[in-house]
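Take any residue in the sequence shown, count from 1 to its spot, add 262: that is its number in our numbering.
Glycine included, C-beta positions come from ideal geometry on N, C-alpha and C.
Values in this document were obtained by computation on a predicted structure and should not be read as measured data.
Working notes, beginning with the structure itself.
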Amino acid sequence: MQGNLLVAHPLLNDGFFNRSVVLITSHNESGSLGFILNFITPFKLRDVRAHIVNGNFPIFEGGPVAKDQLFFLHRLGTEIQESIHIQDDLYIGGDFNELLFKIEHAMVKPDDVRFFVGYSGWGEGQLEEEIKNGNWMVNEHSISEVLRNNYNDLWKQKLEEDKKSLGIFADIGFNPSVN
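Structure, rendered in structure tokens:
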């Protein structure tokens, strides 16, 4: 499941994960960890690291866990020491100071890295149960482009890829009673 995308079912009503697309970055017998790809915050990297001149990189809402921590996904591979390979050309973490240096010196483009505050986590067997209950659709398409996708349309795009019949829900607002 590592490297797959979870697409929230249109009728999922848990408050936090409504209309979300989550990239699973780790999955084992202890549980699963991932990041919401389509919820952007109003903050930029420069808001948390003011000294970074080129810090105009957006920060996304990764999930409800560890909201006081900053995480990052990137396509820089071994250019960032201690990076962990997820799938294709996508990596997580690594030497944060090295990444900041590369950003400061304009060696990193915005579609090379995505920052997240917090993460999404599931305990042992929890995610499998949620998938079995229909809360999530597993999207096994290539994830190498996830950092370049338009986050505004990602849920709709992935929903239509998985279940064309559910695509109509993507055009309905969060509160169907006002449509």
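Applying the criterion that 16 or more other CB atoms from any shown protein chain within 10 Å of the CB defines a buried residue, is residue i buried or exposed?
i: residue 363; result: exposed
i: residue 334; result: buried
i: residue 278; result: exposed
i: residue 394; result: exposed
i: residue 283; result: buried
i: residue 339; result: exposed
i: residue 374; result: buried
i: residue 401; result: buried
i: residue 267; result: buried
Would the beta-carbon of residue i fall within 9 Å of that of residue j?
i: residue 376; j: residue 326; result: no
i: residue 322; j: residue 378; result: yes
i: residue 361; j: residue 342; result: yes
i: residue 384; j: residue 295; result: yes
i: residue 324; j: residue 380; result: yes
Can you tell me which of the options puts its alpha carbon nearest to the alpha carbon of residue i?
i: residue 388; options: 290, 365, 370 and 339; result: 290
i: residue 345; options: 335, 356 and 336; result: 356
i: residue 391; options: 378, 272, 293 and 278; result: 293
i: residue 397; options: 265, 282 and 270; result: 270
i: residue 410; options: 393, 263, 372 and 395; result: 372
i: residue 399; options: 422, 386 and 408; result: 422
i: residue 299; options: 288, 281, 313 and 367; result: 281
i: residue 328; options: 416, 382 and 267; result: 382
i: residue 288; options: 313, 332 and 352; result: 352
i: residue 313; options: 367, 420, 408 and 386; result: 367
i: residue 350; options: 386, 415, 297 and 408; result: 408
Which whole-angstrom value describes the C-beta separation of residue i and residue j, a residue pair presumed to lie in contact below a C-beta threshold of 8 Å?
i: residue 302; j: residue 413; result: 6 Å
Where residue i and residue j are concerned, what is the direct C-alpha to C-alpha distance, given to the nearest angstrom?
i: residue 307; j: residue 276; result: 29 Å
i: residue 369; j: residue 337; result: 12 Å
i: residue 354; j: residue 316; result: 21 Å
i: residue 330; j: residue 311; result: 14 Å
i: residue 309; j: residue 318; result: 9 Å
i: residue 358; j: residue 418; result: 32 Å
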